[in-house]
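Those letters in the sequence shown? Residues 261 to 594, per this note's numbering, in order. Virtual Cβ for every residue (Gly too), placed ideally from N, Cα, C. Please read all numbers here as calculations on a predicted model, not as lab measurements. Single-structure report; data block below.
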Amino acid sequence: MSTILPTKSKHVHLAIVGAGLAGLSCATVLGHAGVKVELLEKSRGVAGRMSTRRESDWQCDHGARYFTARDPDFQTQLRQWEKDSVASLWNTPIGIYENSQWLASPSRDLRYVGAPRMTAPAQHLAKSLTVNSSHTITHINHVEGRWHLTTEEHGYLALKPDWLVIATPAPQALQLTQSISPAIRMLHDQSKTQGCWTMMLRFDRPISMPFEAAFINEGILSWIARNNAKPLRDGPEVWVIHGQSQWSEEHMDIAPEIIAPKMIAAFMELGGPMPADYRIHRWRYASSDPHFQPGFHIEPNHKLGFCGDWLHGGRVEGAWLSGKKLAEAILLKM
Numbered sequence: 261m262s263t264i265l266p267t268k269s270k271h272v273h274l275a276i277v278g279a280g281l282a283g284l285s286c287a288t289v290l291g292h293a294g295v296k297v298e299l300l301e302k303s304r305g306v307a308g309r310m311s312t313r314r315e316s317d318w319q320c321d322h323g324a325r326y327f328t329a330r331d332p333d334f335q336t337q338l339r340q341w342e343k344d345s346v347a348s349l350w351n352t353p354i355g356i357y358e359n360s361q362w363l364a365s366p367s368r369d370l371r372y373v374g375a376p377r378m379t380a381p382a383q384h385l386a387k388s389l390t391v392n393s394s395h396t397i398t399h400i401n402h403v404e405g406r407w408h409l410t411t412e413e414h415g416y417l418a419l420k421p422d423w424l425v426i427a428t429p430a431p432q433a434l435q436l437t438q439s440i441s442p443a444i445r446m447l448h449d450q451s452k453t454q455g456c457w458t459m460m461l462r463f464d465r466p467i468s469m470p471f472e473a474a475f476i477n478e479g480i481l482s483w484i485a486r487n488n489a490k491p492l493r494d495g496p497e498v499w500v501i502h503g504q505s506q507w508s509e510e511h512m513d514i515a516p517e518i519i520a521p522k523m524i525a526a527f528m529e530l531g532g533p534m535p536a537d538y539r540i541h542r543w544r545y546a547s548s549d550p551h552f553q554p555g556f557h558i559e560p561n562h563k564l565g566f567c568g569d570w571l572h573g574g575r576v577e578g579a580w581l582s583g584k585k586l587a588e589a590i591l592l593k594m
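As structure tokens, then:
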């Protein structure tokens, strides 16, 4: 799909805070339009919650579980990712555990994953972009038509972009922009962001469960999956388990060493064995209200935009669409 581009877009400098899928999608569209774009990412790598934990001899997708493609534009992007061998269909049957019994999921959605790990699509997009890693933005200010940015690691930046895009979870967007944006508080509150406790369980040998991936609809867990069941995953047997959203949010500030035994015990109650080793991760901003879908938010007077999955239903597809739609809206304002 082509976009009619304003000639002056080629003289505009824009910075994006956050190199998850929304930020990368936004940067890709703007870059194709000739806008000079730089991404500022607090982590060492891109992908946000489309993440993979890598240890010495094993790995595990411990963020986004999988993604679907319902929007025609995202389906086009997915076909390109498949062609470029960075995404693959995940055919594993999905189960449901509720009322103390296992059932097959009635959903017929096609589910996809990054290949050979969940980060692959985001890393593929980032290859053609300027990404500044280890840049944690701590303060922003809008002065005389330019954005002034301060980082935790590098102090005040020489970079002074015309436009600024915030592609972070809602609470981080609020913290950065609440003194500037008149709308961010309302957007934040409507998104209803919640955290998630996640564990990666390593076993010395393959284990047997009724399903290799399942939604858990009772107790403190919400999802379990065998990472090795995904395409192109090898190495030791590893399962990922996610805490239920409300339980995770209520226990977000509890010490990991207290949370871990509770989650392992819940997994064992489902029939799983004790792991040989494990890792635990606290996602403070993991999910949002799926019904809240403004798509993106733009404030042309400040030349400020917001995108992210939290503005588009909370899914991987929503993150990509949010970034794309924001970029198109910015181009129309240039």
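Alpha helix (DSSP H) containing residue i: first to last residue?
i: Phe475; result: Not the alpha helix (DSSP H): Phe475 falls in the beta strand (DSSP E), residues 473-476.
i: Glu298; result: Taken as a continuous stretch (DSSP letters only), Glu298 belongs to no alpha helix (DSSP H), being part of the beta strand (DSSP E) at 296-300.
i: Leu284; result: 281-292
i: Ser547; result: Per DSSP, Ser547 belongs to no alpha helix (DSSP H); it is in the beta strand (DSSP E), 537-547.
i: Trp570; result: Trp570 -> no alpha helix (DSSP H), and no H or E assigned at all.
Does the beta-carbon distance from residue i to residue j come in below 8 angstroms?
i: Leu281; j: Ala579; result: yes
i: Ile480; j: Met523; result: yes
i: Ser303; j: Ser393; result: yes
i: Ala386; j: Leu284; result: yes
i: Val498; j: Leu530; result: no
i: Met310; j: Gly374; result: yes
i: Ile356; j: Ala473; result: no
i: Cys286; j: Ala427; result: yes
i: Val277; j: Ile467; result: no
i: Trp350; j: Gly495; result: no
i: Thr312; j: Thr410; result: no
i: Ala293; j: Leu591; result: yes
Out of the options, which one is the CA nearest neighbour of residue i?
i: Asp369; options: Leu299, Pro470, Ala427, Ala329; result: Ala329
i: Met512; options: Tyr545, Pro470, Asn488; result: Tyr545
i: Lys563; options: Gln340, Lys302, Lys420; result: Lys420
i: Ala204; options: His414, Val403, Ala347; result: The structure shown has nothing for residue 204, since the chain only spans 261 to 594.
i: Ser508; options: Arg493, Trp483, Met528; result: Trp483
i: Ala307; options: Ala324, Gln319, Lys296; result: Ala324
i: Ser360; options: Asp537, Lys343, Ala526; result: Ala526
i: His541; options: Glu298, Ile514, His322; result: His322
i: Ala536; options: Arg465, Leu417, Val391; result: Arg465
i: Gly532; options: Phe463, Leu586, Gly565, Gly583; result: Phe463
i: His414; options: Leu300, His271, Thr336; result: Leu300
i: Asn244; options: Trp362, Thr437, Pro376; result: The requested residue 244 is not part of the displayed model; the chain covers only 261 to 594.
From which residue to which residue does the beta strand (DSSP E) around residue i run?
i: His271; result: Counting along the chain, His271 falls outside any beta strand (DSSP E), and DSSP gives it neither H nor E.
i: Phe327; result: Unbroken run through Phe327: none, as it is neither H nor E.
i: Glu257; result: Outside the modelled stretch of the chain, which goes from 261 to 594, sits residue 257, for which no answer is possible.
i: Leu349; result: 347-350
i: Glu559; result: 557-559
Is there a C-beta anywhere in chain E that falls below 8 angstroms from the one on residue i?
i: Ile519; result: Looking at the structure shown, chain E is missing, and only one protein chain is on hand.
Pull the bridge partners of residue i from the DSSP assignment, please.
i: Phe552; result: Phe552 is not bridged to any residue.
i: Trp407; result: His402
i: Thr597; result: An answer regarding residue 597 cannot be provided, because it is not within the stretch 261 to 594 covered by the chain.
i: Glu358; result: Gln361
i: Ala485; result: Ala473, Val500
Using C-beta distances below 8 angstroms, list every residue in its chain close to residue i, excluding the 5 sequence neighbours before and after it, in chain order.
i: Gly405; result: Asp422, Lys563
i: Ser451; result: Ala430, Ser548, Asp549, Phe552, Trp570, Leu571
What residues in its chain sit with their C-beta under 6 angstroms from that of residue i, if we drop five residues either side in the sequence?
i: Pro554; result: Leu571
i: Trp341; result: Ala347, Pro381
Give me, in chain order, the residues of the same chain whose beta-carbon lies closer than 7 angstroms to that of residue i; leave out the 5 immediate sequence neighbours on both sides.
i: Glu577; result: Phe327, Thr328, Ala329, Arg330, Asp331, Phe334
i: Pro429; result: Thr453, Tyr545, Gly568, Trp570
i: His402; result: Ile440, His562
i: Trp407; result: Ala275, Ile400, Lys420, Pro421, Leu424
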